[in-house]
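>
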Amino acid sequence: MFYKFLLLGHKGTGNSGPNFSPNFDKKLKKHAQDIYETSRNLGVPVKKGDKEGMKEFVSSIVNDSKNLANSKPFQWNTVDSVDAFVKGDAVVLVNRNTNEILTFLN
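Heads up, the sequence shown is in our numbering, so the first residue is 4 and it goes up one at a time.
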């Protein structure tokens, strides 16, 4: 399986759902094709150019508790407490402390 990374950055805490950084749209441009293909393979296709749809797709993976792949947080990069959410070939890493989406992998 080939993994591509989508670094989304930090927006802060305070929301119940995952946080997206201000540079999220720029990152989407670079990795949009991976999200389109992965969402299509999972039966929830995102239309090309639909930035909100891409955000909803990534959020839906994180917001579904049955997608949590690890019971204990692990360290990723320099973040000490990370949760992995997996659905099909999609993997979303979330900082457990800030609820910040760190990476989208496929």
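Glycine included, each C-beta is placed from N, C-alpha and C at the ideal position.
I'd like the list of long-range same chain contacts for Asp-67, defined as Cβ closer than 8 Å, with 5 residues on each side in sequence excluded.
Contacts found: Phe-88 and Lys-90.
> Roughly how many angstroms lie between the CA atoms of Val-82 and Phe-107, to the nearest whole one?
Rounded to whole angstroms, Val-82 to Phe-107 spans 15 Å at the Cα level.
> I need the boundaries of the alpha helix (DSSP H) containing Lys-58, first residue and last residue.
That run of the alpha helix (DSSP H) goes 54-66.
> So for Asn-181, helix, strand or coil by DSSP?
Nothing about residue 181 can be reported from this structure: the residues present for the chain run from 4 to 109 only.
> Roughly how many angstroms lie between the CA atoms of Val-97 and Leu-105, to the nearest whole one?
The straight-line gap from Cα to Cα measures roughly 5 Å.
> Straight-line CA distance for Leu-10 to Lys-75?
Below a pLDDT of 50, predicted positions are generally treated as unreliable, and Leu-10, at 41, falls in that range; no measurement from the model is reported.
> For my contact list, Val-65 and Val-95 are in at a C-beta cut-off of 8 Å; report their separation, rounded to the angstrom.
Contact flag correct, Cβ pair sits at about 5 Å.
> Note the first and the last residue of the continuous beta strand (DSSP E) segment covering Leu-108.
Leu-108 -> beta strand (DSSP E) spans 103-108.
> What's the call for Lys-58, buried or exposed, on a 16-neighbour Cβ count within 10 Å?
Buried: at least 16 other Cβ atoms inside 10 Å.
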